[in-house]
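Report on one structure; see the data block that follows.
Numbering (the numbering used here), first residue to last: 585 to 1560.
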């Protein structure tokens, strides 16, 4: 049954669409408040204001109100001057202002009487502390993006230089960023005001070349109602624009394993091959001066490395002999091999942006993003080790975004903006062996088409944003809507080529199959999602020292309904036809900022809000995966099974070979009470200016996550305490001490018609407490730095909703509440950029000036405590069919989840760049970067398998891998 759109949503649609106005977002710009006073400090009304962007000539005019103030909404980021005129007073021009994305900047300008001076020029940046801001966050500016060391040129990695942002610990899909201990899928990545996230699985889509990013804002707590669809944090990216001068660069970055240190676990073998080459270029400038500008970029990257297959020579010869004598019908795999094989990735990203100022009231922007990536012997499946190259595959990814933005100024008090984005993405993952089947010889070799290949993901975004900003007296209102229609198509033919498992090499030779899995039916799934968002907010300047920011956001996620199913297929017939929808997603938000002194140097901030997350289409897709596959287990592992018995087919089998029976089926379902995940975020912050460029911040942060997605097997019958006397009845023939006295499930099921019923529900929860200390110097006189220390604790009962995160005991979910996988209790980060000054002495000598001038040094430090480690037995000792989450125990007591802590991380990167001017127009920059410059061994893996009392694991607790050693990168840039 579908749910009607709530009446409030209809009202908001009527308000927004029924009027002629659209929204003004500061999501891509800056709000500037100007306060004009006379020599006595009294406000001056009706003073004429002009804010002019230095690089483009763009300007905005207004007049101060009766309180001597005015707020410019959504000014494009960049360098500005502000001019103030008033009859009877000298004209004042304030230069040297630099505005960054998402800022709310307040400046004070004092006018002198005209008889004293006719014009006053002031060069000074805005105050370093923003007196009206209530959200927590930082802007990663152009100097940091351009000059800080980074391995791989993924500029989003710079977000981890911000307090409470850590690399995602759970791995897998997501943004690879954790905000305040929240999940990596729970963030919103925005480019030029519009969505840049994959709705199928929560990944970040291909974005921009690092050289095409102007700056980006990282908001960790309490973002405004105009933003949503994230229970974690927000990354707000602004692309570069052209200016009145032509500028560009050519660049080439190179890394090679020959320049790298040696991994601590590869002390004797040759270093693995690795080579990365990244050329690119940018060009921007005017098409028509002061009117039309363009900026374009292109970046190409090629990575070549190698993998190794470790199947023994004897087993390779034996398997090839069997394949020669008895080829697999329909298979193209005639032989396997061992040794090294190539692994490669080629990617290209490009962008074009055109900005048009029609007149003083109308402007528009067109922006296009292009991304293409191809991977061979990678792309989502791991090969090497005991898996032959025929068991691997590759990937082709094609990603685009077309964005059109139109801005209209009705009056100085009323501004509107409209955005429309069309963003298609197609991801094709292919198998090296397209025919199959998959052959697994336990402990010997794996070859043939991977069971999960080929895969097709096709997703399109039609996103429309409209809204209005209105300034009235002490209030600054914003209203808006954000609608994203996302049709998606996926094909996931699990085991359609068949999968055979053999106990050993002898069983493969004789054709004795342990398990056979075959896919059937239609593997394609069409999923359409509609995301509706509406908001209203107000910034109320109660007094010159107190600002209240408050508002309400409403979201409605119209999850897929009417999903087709084949009622004649016994696997597919019980499945759901739609995902429950939650219409109650109201999100109130409130914040205050109070200047504790009249100088505005000390600001106290506090805020609270509710922030709803997304439910990805992966949840809907997972409910349908089980419809296409059937696993058959040979009786006593003695059944003879003919290769190719079931070719790829849409027909469900009605007859099976002797010795095989149709087993009880597994299902994936979604809880009928599925809600929308959300977090409650609060903070209390003190911000203090230390001079004109330094400021220090101390914050307490609280985040409570509710209705978080998690996965459970809901078909297990209540467990029984396993004893020696009832072991045989429960099907345990030789119980070990790890099982005696433990709750045991066995084969009993609540619904005897099915085996496992895996349910995705929103029953998870989390809590985060954090203390954040920061000191920052903004970029002035060639130097900037930022240092952050976070002391925190993150607790949850599931850190993702994949099956590997399901509980140790489905009837005791409370026992899962413990430290989150994302818990990093202490973390210190530091960044710095220094344009090294060269003092020209009597040294008009050009050589020392050439040698010692124009150097830039920068560094990035990250030192943090280790993440939690979950100790497991390594086998299914409680009989629930899942061997990945059973933890050790003694008697009735089970070891808690994530009880131990892994090794900490110490990483210091360093960069030196030398710019060589060739003439007034051209310059060359030579760059050297060192990552993990001191070659510190950061252990990345720990063996957490305890084993059992009968079979203890002798390597438990030992380190299994290390992060990258020291790596070097060289680059050259040509600027013009």
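Where is the CB? At the ideal position from N, CA and C, for every residue including glycine.
- According to DSSP, residue 1297 shares a beta bridge with 1342.
- Secondary structure note for residue 1373: its beta strand (DSSP E) is the uninterrupted segment 1367-1380.
- Pairing residue 862 with residue 838, the inter-Cα distance amounts to about 6 angstroms.
- Going by DSSP, residue 1092 is part of the alpha helix (DSSP H) stretching over 1089-1094.
- Counted as a single uninterrupted DSSP element, the alpha helix (DSSP H) harbouring residue 730 occupies residues 726-731.
- If you check the CB distance, residue 1296 and residue 1392 do not come in under 9 angstroms.
- Following the DSSP letters along the chain, one finds residue 902 inside the alpha helix (DSSP H) bounded by residues 897-909.
- Short of 6 angstroms from the beta carbon of residue 1373, and not among the five residues preceding or following it, lie these beta carbons of its own chain, in chain order: 1357 and 1412.
- In the DSSP assignment, residue 1086 falls within the beta strand (DSSP E) that extends over 1083-1086.
- The bridge partners DSSP lists for residue 836 are 863 and 1556.
- With a 10 Å radius around the Cβ and a threshold of 16 neighbouring Cβ atoms, residue 1335 comes out exposed.
- The shortest CA-to-CA distance from residue 1540 to any of 655, 1458 and 897 is the one to 1458.
- Between residue 1038 and residue 1075, the C-beta gap is smaller than 9 angstroms, which places the two residues in contact.
- Taking C-beta atoms under 8 angstroms as the contact rule, residue 1449 and residue 1408 qualify, at a distance of about 6 angstroms.
- Contact between the stretch 795-804 and the stretch 836-851 is absent: fewer than three C-beta pairs spanning the two stretches fall below 8 angstroms.
- The shortest C-alpha to C-alpha distance from residue 1320 to any of 1341, 1473, 1282 and 1416 is the one to 1473.
- With respect to residue 825, residue 737 sits apart: the two C-beta atoms are not nearer than 9 angstroms.
- Straight through space, the alpha carbons of residue 718 and residue 614 are spaced by roughly 15 angstroms.
- In this structure, residue 1207 sits away from residue 1291, with a CB-CB distance that is not shorter than 9 angstroms.
- By the Cβ criterion, the stretch 884-897 is in contact with the stretch 923-931, since at least three pairs of Cβ atoms, one from each stretch, lie closer than 8 angstroms.
- In the structure shown, residue 1001 adopts extended strand secondary structure according to DSSP, grouped into three states.
- Looking at 1420, 650, 1395 and 720, the one whose alpha-carbon comes closest to that of residue 1326 is 1395.
- Inside the stretch 1244-1319, DSSP marks whole beta strand (DSSP E) runs of 3 or more residues at positions 1249-1254, 1262-1274 and 1278-1297, from first to last along the chain.
- Taking the Cβ atoms as the reference, residue 619 lies roughly 15 angstroms from residue 667, outside the contact range of under 8 angstroms.
- A check of alpha carbon separations from residue 1051 across 1251, 808, 1500 and 1003 identifies 1003 as the nearest.
- Remark: C-beta atoms of residue 1070 and residue 1116 do not approach each other more closely than 9 angstroms.
- A Cβ-Cβ distance of about 15 angstroms is found for the pair residue 935 and residue 885, leaving them out of contact under the 8 angstroms criterion.
- Looking at the DSSP output, residue 939 sits in a beta bridge with 877 and 949.
- Each residue's CA atom was taken as its position, placing residue 1461 and residue 966 some 28 angstroms apart.
- Residue state for residue 795 is assigned as helix, using DSSP reduced to three classes.
- If you draw a 10 Å sphere on the C-beta of residue 1261, you find 16 or more other C-beta atoms in it, and that means buried.
- Considering only 924, 806, 912 and 830, the residue with the shortest C-alpha distance to residue 857 is 924.
- Look at residue 1190 here: in three-state DSSP terms it is strand.
- In the three-state reduction of the DSSP assignment, residue 1491 falls in the strand class, which pools E and B.
- Ranked by Cα distance from residue 1380, the options 1362, 1483 and 1442 are led by 1483.
- Taking 9 angstroms as the cut-off, the beta carbon of residue 1009 is found no closer than this to the beta carbon of residue 1058.
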